[in-house]
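In the UniProt record's numbering, the protein residues as written are 1 to 262.
Even glycine gets a Cβ: it sits at the ideal position worked out from N, Cα and C.
Step one of this worksheet: look at the structure below.
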Amino acid sequence: MLFRSKRISPAAHEEIQIDISDSLGIRKLHFGGDDTQSAMRVSDPLELVLAYTRCLFGFLLFNPEPRDALLIGLGGGSIAKWMHEKMPATRLTAVELHPQVVAVARSMFQLPMDDDHLQVVVGDGAAHVYAMPDASTELIMMDAYSASGIAEPLARADFFSACRDRLTENGVLVVNLWGSDRRFETYRDRLSAAFNERILLLPARQKGNVLAFCFVRGQNNPAWATLAERAIALKTRYGLEFDEFVSDLARLNPHNDRKIFI
Numbered sequence: 001m002l003f004r005s006k007r008i009s010p011a012a013h014e015e016i017q018i019d020i021s022d023s024l025g026i027r028k029l030h031f032g033g034d035d036t037q038s039a040m041r042v043s044d045p046l047e048l049v050l051a052y053t054r055c056l057f058g059f060l061l062f063n064p065e066p067r068d069a070l071l072i073g074l075g076g077g078s079i080a081k082w083m084h085e086k087m088p089a090t091r092l093t094a095v096e097l098h099p100q101v102v103a104v105a106r107s108m109f110q111l112p113m114d115d116d117h118l119q120v121v122v123g124d125g126a127a128h129v130y131a132m133p134d135a136s137t138e139l140i141m142m143d144a145y146s147a148s149g150i151a152e153p154l155a156r157a158d159f160f161s162a163c164r165d166r167l168t169e170n171g172v173l174v175v176n177l178w179g180s181d182r183r184f185e186t187y188r189d190r191l192s193a194a195f196n197e198r199i200l201l202l203p204a205r206q207k208g209n210v211l212a213f214c215f216v217r218g219q220n221n222p223a224w225a226t227l228a229e230r231a232i233a234l235k236t237r238y239g240l241e242f243d244e245f246v247s248d249l250a251r252l253n254p255h256n257d258r259k260i261f262i
């Protein structure tokens with residue numbers, strides 16, 4: 001069968017509708033008819049099918065070995081699943097608001113159970129960040145976009161400042177944005193202000209996602225040649241298109257022919 005659709009209806013008060021579809025070997029997760037939230041190739045569950053999920057790992061160009069990481073928004077678990085397999089030295093905590101999403105990620109998208117490298121928490125992502133000690137993680141990733149944009153508690157200036165404070169000195173906040181969102185510039189400006197303009201934008205080549213990388217400290221304006229060398233090593237190690245990520249950084253960020261300014 002080329003197409004199968006399954007709907008999982010939660011309790012009314014939880015206000016989420018989960019749809020799952022299979023087509024041409026790709027299983028997709030949708031929230032109430034929204035655009036695709038997650039996608040998995042059934043024959044290769046670890047493949048990062050959606051371009052933005054691959055672009056998210058552009059942070060490895062700047063922080064290649066994070067020891068602790070937080071993911072806000074689980075979806076089908078593509079990011080968490082890939083990190084669990086490919087980055088076993090990183091301890092990842094994933095926070096997801098809806099228990100049904102966690103159940104579906106594990107039952108239909110092959111997200112592994114918790115272990116020493118992965119912990120999935122059902123809860124509010126913003127509240128989780130506010131409760132963390134300062135300088136307690138090296139990486140925060142936020143993948144909480146929906147058709148209505150980012151939930152307001154996850155888009156406020158004080159929340160972005162809290163994320164900065166919870167990161168270590170070499171920490172990075174990664175935020176998945178939508179370039180055509182009328183609030184895109186607002187989100188970008190709030191992130192830039194929270195991180196003292198230490199921000200890079202990486203557009204995904206498919207659709208309109210833009211990944212924002214926000215740094216606690218400056219990156220000493222890395223040379224393109226240096227980034228290209230890092231990209232080769234990372235592409236060899238992980239199989240993602242890091243060389244394209246480096247090229248695409250020139251599209252939305254201040255730079256000259258020798259270096260990028262960050």
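Beta-bridge partners of residue i, as assigned by DSSP
i	result
residue 69	92 and 139
residue 168	According to DSSP, which records beta bridges pairwise, residue 168 is partnered with nothing at all.
residue 214	173 and 199
residue 108	Paired residues: none, contrary to the question.
residue 52	In the DSSP output, where bridge partners are listed per residue, residue 52 has none listed.
residue 236	Answer is none; residue 236 lacks a bridge partner.
residue 178	209
residue 223	259
residue 149	146
residue 36	30
residue 118	92
residue 41	26 and 44
Rounded straight-line distance, which links the Cα of residue j to that of residue i
i	j	result
residue 187	residue 59	19 Å
residue 261	residue 223	9 Å
residue 193	residue 121	29 Å
residue 101	residue 90	23 Å
residue 245	residue 43	26 Å
residue 113	residue 257	46 Å
residue 16	residue 97	10 Å
residue 195	residue 216	6 Å
residue 57	residue 218	19 Å
residue 23	residue 168	42 Å
residue 18	residue 164	32 Å
residue 154	residue 25	34 Å
residue 239	residue 36	24 Å
residue 125	residue 184	20 Å
residue 243	residue 51	14 Å
residue 133	residue 206	37 Å
residue 85	residue 63	18 Å
residue 220	residue 61	13 Å
Buried or exposed (CB count within 10 angstroms, at least 16 for buried), residue i
i	result
residue 180	exposed
residue 225	exposed
residue 148	exposed
residue 144	buried
residue 1	Here residue 1 scores only 30 on pLDDT, less than 50, and its place in the model should not be relied on; the value that follows carries that caveat. By the neighbour-count rule (16 or more Cβ atoms within 10 Å), residue 1 is not buried but exposed.
residue 73	buried
residue 115	exposed
residue 232	exposed
residue 189	exposed
Beta-carbon separation (whole angstroms), residue i vs residue j, contact threshold 8 Å
i	j	result
residue 46	residue 38	Not confirmed; about 13 Å, so no contact.
residue 235	residue 241	7 Å
residue 160	residue 191	5 Å
Using 8 Å as the threshold, is the region 64-71 in touch with the region 138-148, meaning 3 or more CB pairs across them?
yes
Answer yes if the region 196-207 comes into contact with the region 249-256, meaning at least three C-beta pairs across the two stretches below 8 Å, and no otherwise.
yes
Within 8 Å, do at least three Cβ pairs link the region 205-218 to the region 166-180?
yes
Pairing CB atoms from the region 72-85 with CB atoms from the region 103-110, are three or more of them under 8 Å?
yes
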